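> Once you've had a glance at the structure underneath, I'll fire off some questions.
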Amino acid sequence: DTRTLANGSLYVALRGERFDGHDFAADAVAHGASGVLVDRLLPALSVPQVLVENTELALARIAAGMQRDRATRVIALTGSNGKTSVKALLLAILTEAGRVDGTTVYATPGNRNNEIGLPLAVIAAPDDADLAIYEMGAGKPGDIAYLTEIAQPHVALVNNIAPAHLERLGSLLGVARTKGAIYA
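First residue of the sequence shown? That's 1 in full-length UniProt numbering, and the numbers climb one at a time after it.
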């Protein structure tokens, strides 16, 4: 997001249904990006460009690699609803416990729980955090399995299964199968 970009950042030109991040790359450079991750070269830019086939997949791989290299223990949670509230409760409890034993805890900011938000949350996690709490959402089959590969949880929690996203998940069993992939 060019509005929150820190100086020296790598800008990832993601594509969405209604936008193409490549269109904002020059703005990202103007706001301090020192390089861009793209799926097509942008000749007008004067910063290094990393050309990949799929920027979203590259973002996920970067996040998974960073997570793999950390000693941080990961708690991942999903559910049909209440994920952000459960995450906030866990964060409050574990942060308070950390005041006693010195444990540092990080949690997904807001509800960054999809295929873009979770990798960004993993990348933003402090390298010295002892615990990380990652929220995972699913709108279609395979979402939780994909996010689990990125977050690599040590502890997993499904707080509930309810009739959500049935148009893509088919049934409560489909919801349960999708959410249950967090335990794989």
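Glycine is no exception: its CB is placed at the ideal position from the N, C-alpha and C atoms.
In this text, all values refer to a predicted model and were calculated from it rather than measured experimentally.
If you drop the 5 nearest sequence neighbours on each side, which residues of the same chain put their C-beta closer than 6 Å to that of T95?
V105
> Can you tell me whether A26 sits near the ligand FMN, meaning its C-beta is under 7 Å from at least one heavy atom of the ligand?
You won't find the ligand FMN in this model; it holds no ligand whatsoever.
> I'd like the ranges of any alpha helix (DSSP H) spanning at least 4 consecutive residues and lying wholly in the UniProt domain "Mur ligase N-terminal catalytic" (2–64).
25–30
> I need the straight-line Cα distance from D20 to L37, nearest angstrom please.
13 Å
> Report the CB separation of A76 from P141 in whole angstroms; it is logged as a contact under 8 Å.
No, A76 and P141 are not in contact; Cβ-Cβ is about 18 Å, not under 8 Å.
> Tell me which same chain residues have a C-beta within less than 6 Å of the C-beta of G79, skipping the five on either side of it?
V158, N159, N160
> Quick one: give me the first and last residue of the beta strand (DSSP E) that E135 is part of.
Here the beta strand (DSSP E) through E135 covers 131–135.
> Rounding to the nearest angstrom, what Cα-Cα distance links L41 and A30 in this structure?
Taking the straight line from one Cα to the other gives about 17 Å.
> Do T72 and D130 have their CB atoms nearer than 8 Å?
yes
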